[in-house]
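Residue numbers (the working numbering): 3 to 104.
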């Protein structure tokens, strides 16, 4: 069973990273991923497609010794990085909404 409180905590941390950490968007996405990848079992089934899209977009490139996230972000455009950050924001809102409904 998903733990919405845990998911909300980790998404809040990722949103804080995206909003306040120094660095360019791709650097902030890398840090946000460190929180997001921990919650796959805690995201409700109705939000799994959105969550999986984010994770897949951040891990597309093969690991060449530095990790697939780093390799993916090196190849990614700034515009696509912004799109992923927006999707994280939307997912965060949806998780919060479900948490406060329960």
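Idealized CB from N, CA, C, for every residue including glycine.
C-beta atoms of residue i and residue j nearer than 9 Å
i, j, result
"residue 32", "residue 97", "no"
"residue 12", "residue 41", "yes"
"residue 16", "residue 49", "no"
Top-ranked residue by Cα proximity to residue i, from the options
i, options, result
"residue 64", "77, 104, 29, 91", "77"
"residue 101", "27, 45, 20", "45"
"residue 43", "29, 104, 4", "4"
"residue 74", "24, 66, 81, 60", "60"
"residue 69", "54, 36, 14, 24", "36"
"residue 14", "95, 103, 25", "95"
"residue 25", "67, 80, 47, 8", "80"
Supposed close pair residue i, residue j - CB separation, criterion 8 Å
i, j, result
"residue 6", "residue 52", "Wrong, their Cβ atoms sit about 15 Å apart, outside the cutoff."
"residue 57", "residue 89", "The Cβ separation is near 11 Å, so there is no contact."
Cutoff 6 Å; reference residue i; Cβ partners in own chain excluding five residues on either side
i, result
"residue 34", "16, 19, 20"
"residue 29", "none"
Residues of its chain near residue i, where Cβ-Cβ distance is below 7 Å and the 5 sequence neighbours each way are ignored
i, result
"residue 87", "20, 27, 31"
"residue 10", "97, 98, 101"
The ligand GDP heavy atom lying under 8 Å from the CB of residue i
i, result
"residue 84", "For the structure depicted, the ligand GDP is absent and the ligand set is empty, with no information on it obtainable."
Contact set for residue i: own chain, Cβ-Cβ below 8 Å, skip 5 residues either direction
i, result
"residue 82", "59"
Open item on the list: To test your reading of the DSSP string, which unbroken alpha helix (DSSP H) runs of 4 or more residues are found completely within the stretch 58 to 99?
Closed with: Complete alpha helix (DSSP H) runs here, min 4: 70 to 77.
Open item on the list: Quick check on the DSSP output: what are the complete alpha helix (DSSP H) runs of length 4 or more inside the stretch 5 to 35, in order along the chain?
Closed with: With a minimum length of 4 residues, the unbroken runs of alpha helix (DSSP H) contained wholly in the stretch 5 to 35 fall at 6 to 22.
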